[in-house]
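Reviewing the structure listed below.
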Amino acid sequence: MKRIGILTSGGDCQGLNATIRAVAKSLYHYYENDIEIYGIIDGYRGLIYGEYRLMKPDDFSGILTRGGTILGTSRQPFKLMRVVDENSVDKVAAMKANYRKLKLDCLVILGGNGTQKTANLLSEEGLNVVSLPKTIDNDLWGTDMTFGFQSAVDIATNVIDCIHTTATSHGRVFIIEVMGHKVGWLTLYAGIAGGADVILIPEIPYDIKSVIKTVKQRNESGKNFSILAVAEGAITKELAAMPKKQRKAAVAEMAYPSISYKIAHEIEQATGQETRVTVPGHFQRGGSPCPYDRVLSTRFGTKAAELIINKQYGNMVALVNNKVVFVPLKDIAGKLKSVPADSELIHTAKMMGITFGE
Ligand code: F6P
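Quick note, the sequence shown lines up with residues 6 to 363 if you use my numbering.
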């Protein structure tokens, strides 16, 4: 009897259930009645504290289009994994003990950057692990694409489209704040897809004077509105030049709910033009996966099942050059995939006259 555990960890996103479904259906198809799948509740928290349930094939039916995760999730920071909790529980030892107690052959882990680091840690600790790349940020090293990203691009683009009509009708400047504290993939894609005039991402620190200049030039050329797609983690050149600790303190002291409100205030002061902010926030992670993500999740999930069947543990499923492959966890864990300065997409955007506030 094969025994598999499966968990989802970190922020939820579209395509988690579609991926879980693909893993489970492929395994039931291959092993027939000779397999038990245990759903670990709320990510690593369930593995630490022994919360899980034996799943039935029916649990995986009807979930292809469902948002969120049927298993629940939680954030368990990697940096605290080696720190005993308030009840003196050694988390790593507890996870290993529960894995052994359940007599698992493999643990399937769906998650983003922090999750992959812990997956690698568990693999180094001797557990059989197969992981899958989840996040709307698309910032996982080793894969060209994560599931959830395209669905979030669709939503963020739709927000920009809707705001566009109001911006033109009222002759306003609008800032759409897109998710992404560390990387700007989502903002870049949605910004280009939504026809933004300015795109600000963490990888390219901005100068507010340059942003204001773009808005003024548009006004002078007869365009009475401007659309800015701004990543949550957009940062000024001055802040980017500071040492990390000082920068964090400066950001924490900012007198605005987020960077977009500061930029809006500065534009309004300099141009006199009404400037508004729209923050779609967690809307971007919610609802049904788009068809692209449903297909990607299904490809990823079936690949994970193949890795389990072939006992190829210690790997993350990935998409490289449009082929589903697998990469060793030890090679990708802890590495961030940022937007490269020489990215073709940045070049494309610049060719279109989109400015990055440089
Ligand atoms: O990593 C996914 C993500 O949605 C980021 O884009 C965002 O900055 C963060 O999670 C928000 O986290 P939380 O849901 O914990 O507020």
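The C-beta atom is built at its ideal place from N, Cα and C for all residues, glycine as well. Quick caveat, the model's predicted, so the values are computed rather than measured.
The C-beta of Tyr261 has fewer than 16 other C-beta atoms within 10 Å across all chains shown, which makes the residue exposed. Contact between the stretch 106-114 and the stretch 135-142 is established, with three or more Cβ pairs separated by less than 8 Å. The secondary-structure analysis by DSSP pairs Met321 across a beta bridge with Ser136, Val332. DSSP places Arg26 inside the alpha helix (DSSP H), whose first and last residues are 21-36.
If the five residues before and after Thr162 are omitted, its C-beta is found closer than 7 Å to the C-beta atoms of Ala195, Ala198, Gly199, all from its own chain and listed in chain order. Each residue's CA atom was taken as its position, placing Lys249 and Gly339 some 18 Å apart.
In the structure shown, the three-state DSSP call for Lys250 is helix. Listed in chain order, the beta strand (DSSP E) runs fully inside the stretch 228-306 are 231-236, 280-283, counting runs of at least 3 residues. The continuous beta strand (DSSP E) containing Arg8 extends over residues 7-13. Counting along the chain, the unbroken beta strand (DSSP E) around Glu41 starts and ends at 40-45.
Excluding residues up to 5 positions away in sequence, Phe361 lie with their Cβ nearer than 8 Å to the Cβ of Lys355 in the same chain.
Asn38 counts as exposed, since fewer than 16 other beta carbons sit within 10 angstroms of its beta carbon. Nearest to Gln278 by C-alpha distance, out of Met321, Thr170, Phe179, is Phe179.
By a beta-carbon distance limit of 8 Å, Arg177 contacts Thr280. Their separation comes to about 7 Å.
Burial of Ser128 is indicated by the presence of at least 16 other C-beta atoms within 10 angstroms of its C-beta. In this structure, Gly10 lies near Ile42, with their beta-carbon atoms less than 9 Å apart. Cβ-Cβ separation between Asp298 and Ser156: approximately 5 Å, consistent with a contact (criterion under 8 Å). Annotation: the continuous alpha helix (DSSP H) that includes Glu225 extends over 213-225. Bridge partners of Gly116 according to DSSP: Pro138.
Taking the Cβ of Gln289 as the reference point, at least one heavy atom of the ligand F6P falls within a distance shorter than 8 Å. Between the stretch 15-30 and the stretch 59-69, the count of C-beta pairs closer than 8 Å reaches three or more; the two stretches touch. In the DSSP annotation of this structure, the continuous segment of the alpha helix (DSSP H) that includes Glu349 starts and ends at 349-356.
At least one heavy atom of the ligand F6P sits closer than 8 Å to the Cβ of Arg80.
Remark: C-beta atoms of Gly185 and Ile209 do not approach each other more closely than 9 Å.
Just so you know, the alpha carbons of Glu311 and Lys101 end up roughly 24 Å apart. In this structure, the alpha-carbon of Ala245 lies about 10 Å from that of Ala239. Contact between Asp90 and Lys96 holds, with the beta-carbon distance rounding to 7 Å and staying under 8 Å. Only buried fits Ala309, as 16 or more other CB atoms lie within 10 angstroms of its CB. The C-beta distance from Gln81 to Arg105 rounds to 20 Å, too long to meet the 8 Å contact threshold. Glu237 has its CB nearer than 8 Å to a heavy atom of the ligand F6P.
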